[in-house]
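Numbering (the working numbering), first residue to last: 408 to 717.
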């Protein structure tokens, strides 16, 4: 967990660029709606005149996923999660230490709220109200992303009323660059096995791919993935995290390639000792966090690369 947190801290300002926040938040809406279960209503209130900000879109996505997931889990019996974004001409009226024009993105819930003694600890690394086994890194990642983007995050919570977390991101004076069109012609695989020991990452990747009419299988470890692969010979692609306890994604990929020459392999990671040390890995690697479009493009490149080897 420490490695993942340090990795996120290092990467949270990589890929930062002028971002059309209206488009970015609208693109995230389908994923966030899927994260909310049937008993949770997600309300989206985005000002269409939002200013652009300079931020890493990957880091924004994982921050929003963390916040909506936290809000959902605070309402086991159902409730309302509201995503609201608006411009703030003078942020110093709301946040001490910041000045100028900012955009505020607030995620609020109607859940159980937090005791006053706990709200001051909410952004602390490894702190969690979810009990034993919870990582306690979600809000820390959110604050790290906001601060590396030149802003901050604030939490307000009232017990038995709900919680609101607000991201403050500075307005960008730079123009937003248009995204190049996806020109990859390779078809997406039909059946994918996703392997990740982090449940939230597993869910995010799975939900992103379900929209593509892809059949998804999941595993939480390398040995579990190998058992599935041994029983199911019709899996087209293995998408595995690298950093996993016991058997790493690299070890899993090499064993999978040894067992089957036909399966396409794509690895994903936010941190890897071997990558950091410059070790060459024979499989394509997608860096976390990634957007749905980036995942789709990486899958197409992996399929195309495999076809080129055939």
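Backbone N, C-alpha and C define an ideal beta-carbon position, used for all residues, glycine too. The model shown is predicted, which means the values in this text are computed figures rather than measured ones.
- Per the C-alpha coordinates, the member of 607, 604, 594, 688 positioned closest to residue 643 is 594.
- A residue is called buried once 16 or more other Cβ atoms fall within 10 Å of its Cβ, and residue 500, having fewer, is exposed.
- In this structure residue 445 does not touch residue 482 by the C-beta definition: roughly 12 Å separates them, more than the 8 Å allowed.
- Scanning 558, 455, 572, 712 for the CA closest to the CA of residue 472 turns up 572.
- A residue is called buried once 16 or more other Cβ atoms fall within 10 Å of its Cβ, and residue 531, having fewer, is exposed.
- Bridge pairing for residue 488: 449, 516 [DSSP].
- When DSSP states are grouped into helix, strand and coil, residue 509 belongs to the strand group.
- 608 is the residue among 661, 702, 608, 640 whose C-alpha sits nearest the C-alpha of residue 476.
- Residue nearest to residue 668 within the set 619, 655, 641 is 641 (criterion: CA-CA distance).
- Within 10 angstroms of the beta-carbon of residue 568 lie fewer than 16 other beta-carbons, which makes it exposed.
- About 5 Å separates the beta carbons of residue 529 and residue 546, which is inside the 8 Å limit, making them a contact pair.
- Scanning its chain for C-beta atoms nearer than 8 Å, with the 5 sequence neighbours on each side dropped, one finds around residue 636 the residues 600, 642, 645, 663, 666, 667, 670, in chain order.
- Where residue 694 is concerned, there is no enclosing alpha helix (DSSP H), although the beta strand (DSSP E) around it starts and stops at 692 to 694.
- Membership of residue 672 in the beta strand (DSSP E) is indicated by the continuous run 671 to 676.
- With a cutoff of 8 Å on beta-carbon distance, residue 491 and residue 443 are scored as not near each other.
- Of the residues assessed, residue 570 falls on the buried side of the cut-off, its CB having 16 or more other CB atoms within 10 angstroms.
- By the CB criterion at 8 Å, residue 648 and residue 603 fall inside the cutoff.
- In this structure, DSSP gives residue 473 a helical state, which the three-state scheme calls helix.
- Counting along the chain, no alpha helix (DSSP H) covers residue 577; the unbroken beta strand (DSSP E) around it starts and ends at 569 to 577.
- Rounded to the nearest whole angstrom, the C-alpha separation of residue 494 and residue 577 is 10 Å.
- In the three-state scheme derived from DSSP, where H, G and I count as helix and E and B as strand, residue 648 is classed as strand.
- Burial check for residue 523: the Cβ neighbour count within 10 Å stays below 16, so the residue is exposed.
- The alpha-carbon separation between residue 509 and residue 431 amounts to approximately 16 Å.
- Per DSSP, the unbroken alpha helix (DSSP H) holding residue 525 starts and ends at 523 to 526.
- A Cβ-Cβ contact shorter than 8 Å links residue 615 with residue 438.
- For residue 625, the uninterrupted beta strand (DSSP E) run begins and ends at 622 to 626, by DSSP.
- By the C-beta density criterion, residue 507 is exposed, having fewer than 16 other C-beta atoms within 10 angstroms.
- Per DSSP, the continuous alpha helix (DSSP H) segment holding residue 663 begins and ends at 656 to 666.
- The Cβ atoms of residue 468 and residue 428 do not sit closer than 8 Å to each other.
- Here DSSP, grouped into helix, strand and coil, assigns residue 688 to coil.
- Collapsing the DSSP output to three states places residue 642 in coil.
- Straight-line measurement puts the Cα of residue 704 at about 21 Å from the Cα of residue 441.
- Residue environment analysis places residue 630 among the exposed positions, since fewer than 16 neighbouring C-beta atoms fall within 10 angstroms of its C-beta.
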